[in-house]
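So in this note's numbering, the last one in the sequence shown is 531, and the numbering has no gaps at all. Structure first, then comments.
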Amino acid sequence: MSTYRLDRSFEWNVRNGPAYDGTFPEVPETPLKDYFGIPAQSRIGVAASVLVNRRWTETYAQLGFDLLTYKTVRMRRRRCHNFPNWTFVHEGPNLLEETDTALVRPARRIGNPLDLTGAGSFGMPSRLPEFWQEDICKTRASLPANKVLIVSIVATPLPGMTADEMASEFGELAGMVSAAGAQVIEANLSCPNVRAGEGELYQDTQMVGRVAKAVRTGAGNKPVTLKLGHILKNEDLSAVLQAAEGLADGVVMINGVNRTVVNHDGSATFGPGRETCGIIGQGLRPVAIDAVDRAVRIVQRDGLSLKIIGTGGFAKPADAAAFFDAGAYAVFSASGAIFDPHLAIRVKQEHPEW
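Here you go:
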């Protein structure tokens, strides 16, 4: 079962999804937790991915996910990259290592998608604020108790835009989504399939601090998290966490790893200009767990107050266990929740303590 139709465009899925026509199983009762002080029935969530509107968010809330991340919104409309936007790839080189080796798309998908490595090329699309402000408000009003609505935001760079102006736009967006009903604001500093600077902000320590400060101001007293990409060196990761300390409440790790994806003949799978994209699914999992483990160790070593939220390749209860064992405060799923919409129920059956 896949709630997102891979054979249809992103726009089709927004209009018609989720493709879920099953029953809604009973969600196991679990002890009440909190997420940055907000009551939550678990610390299991959906990452910024497919919760593109109220209908998608309500569906996943009914399916037992408690931390619900509304997909990234912008100040301006941004169309999705052209179809296709998703494929599967053969197991390639170790993603923990820096490499330019291309990953190859198989001629056909073989096996359970929960066991596969995927590649996504969407480009952080967004509708205009006039739509998403109203939709976020309605979404929040529709959610039952002990569900947490997180909204992901990103500034859109324009020609001549300064670093301060970009940070200011993050802050303005934080205020807008907060007013619309977001309980937690997530600033997306990493996207592996955009062709502009907003996808690489996590690599600029000074920019991380500027954005965190602006989002903190815009969010008021609401929790703030920063979504990061893969940072290979511990000294660089430490610098980013230090820049976020005292401004953000937590960091979400990690977004998809940027890699080249080609067909067997060497042509770009997603077309010219889209040679690189985000690697997701099972191939990302060891990278994400390693990132969480290293970040938690740095936080403990330096006495930081940041919480580390894990995401990347979480498709089974055992995957969540690996993240929590690494010290994650909460764990989010993206493609795992798409291909197994009952994932949160399975996790709660085995681990009500999460």
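The C-beta atom is built at its ideal place from N, Cα and C for all residues, glycine as well. Here the structure is a predicted model, which is why all the values come from computation and not from measurement.
Length of the line joining the Cα atoms of residue i and residue j
| i | j | result |
| --- | --- | --- |
| R372 | G300 | With a pLDDT of 49 at R372, under the threshold of 50, the modelled position of this residue cannot be trusted, and the question is left open. |
| A296 | N259 | 14 Å |
| A389 | W233 | 28 Å |
| E530 | K399 | 25 Å |
| T278 | L293 | 19 Å |
| R220 | V508 | 6 Å |
| P195 | R185 | 12 Å |
| A364 | R523 | 29 Å |
| D198 | L418 | 42 Å |
| A238 | P321 | 8 Å |
| L335 | T207 | 46 Å |
| L326 | G358 | 8 Å |
| E452 | P202 | 41 Å |
| E307 | G348 | 18 Å |
| G337 | V434 | 28 Å |
| I431 | S367 | 8 Å |
| F491 | A499 | 9 Å |
| L183 | V227 | 12 Å |
| L405 | R256 | 23 Å |
| Q360 | Y212 | 10 Å |
| T264 | I287 | 12 Å |
| E412 | T200 | 48 Å |
| L520 | F187 | 23 Å |
| G460 | D479 | 30 Å |
| E377 | R304 | 22 Å |
| V473 | W189 | 39 Å |
Expected contact under 8 Å - CB spacing of residue i and residue j to nearest Å
| i | j | result |
| --- | --- | --- |
| V464 | H528 | Contact flag wrong, Cβ pair sits at about 23 Å. |
| A351 | G395 | 3 Å |
| A332 | V385 | With 8 Å as the limit, A332 and V385 do not qualify as a contact, their Cβ atoms being about 13 Å apart. |
| R231 | D312 | 5 Å |
| D496 | R462 | 6 Å |
| I466 | A503 | 5 Å |
| G427 | Y506 | 6 Å |
| M178 | P518 | 6 Å |
| T488 | V429 | 6 Å |
6 Å CB neighbourhood of residue i in its chain, flanking five on each side removed
| i | result |
| --- | --- |
| S512 | G295, I457, G458 |
| L280 | V266, G269, R436, V438 |
| P290 | F516 |
| E235 | S319 |
| A225 | T246, K248, T249, S329 |
| N440 | R282, T446 |
| V229 | V191, K248 |
| S298 | H258, N262, N370, F447, R451, C454 |
| T118 | Because the chain here runs from 178 to 531, residue 118 falls outside it and cannot be looked at. |
| Y379 | L366, S367, L405, G406 |
Buried or exposed (CB count within 10 angstroms, at least 16 for buried), residue i
| i | result |
| --- | --- |
| R282 | buried |
| S482 | exposed |
| P302 | buried |
| R393 | buried |
| N193 | exposed |
| W309 | buried |
| S510 | buried |
| G214 | exposed |
| E346 | buried |
| T339 | exposed |
| S415 | buried |
| L403 | buried |
| G443 | exposed |
| R251 | buried |
8 Å CB neighbourhood of residue i in its chain, flanking five on each side removed
| i | result |
| --- | --- |
| K410 | none |
| N323 | L209, P216, A217, Q218, D243 |
| A344 | A332, M384, R387, V388, K390, A391 |
| G448 | N259 |
| F525 | The sequence given here has Lys at residue 525, not Phe. Same-chain partners within the cutoff: V204, P205, T207, S219, I221, G241, W531. |
| D341 | R387 |
Same chain only: Cβ atoms within 7 Å of residue i, ignoring 5 sequence neighbours per side
| i | result |
| --- | --- |
| V476 | L418, L483, I485 |
| K315 | R231 |
| I362 | V328, I330, A351, V354, S355, V392, A396, K399, V401 |
| V469 | M430, I485, G487, F500, A503, G504, A505 |
| R317 | L326, G358 |
Cβ-heavy atom distance, residue i to the ligand PLP, below 8 Å
| i | result |
| --- | --- |
| P494 | This structure does not include the ligand PLP; it has no bound ligands of any sort. |
My parser needs the beta strand (DSSP E) runs of 3 or more residues fully inside the stretch 391–447; what are they? Considered as a whole, the stretch 391–447 harbours 401–405, 427–430, 434–439 as its complete beta strand (DSSP E) runs of no fewer than 3 residues, in chain order.
3 or more residues per run - each beta strand (DSSP E) lying fully within the stretch 470–498: The beta strand (DSSP E) runs lying completely inside the stretch 470–498 and spanning 3 residues or more are 484–488, given in chain order.
Start-end ranges of the alpha helix (DSSP H) lying completely within the stretch 231–256, minimum 4 residues: You should have 231–239.
Please give me, in chain order, every unbroken run of the beta strand (DSSP E) with length at least 3 that falls completely inside the stretch 284–342. Runs found: 294–297, 325–330.
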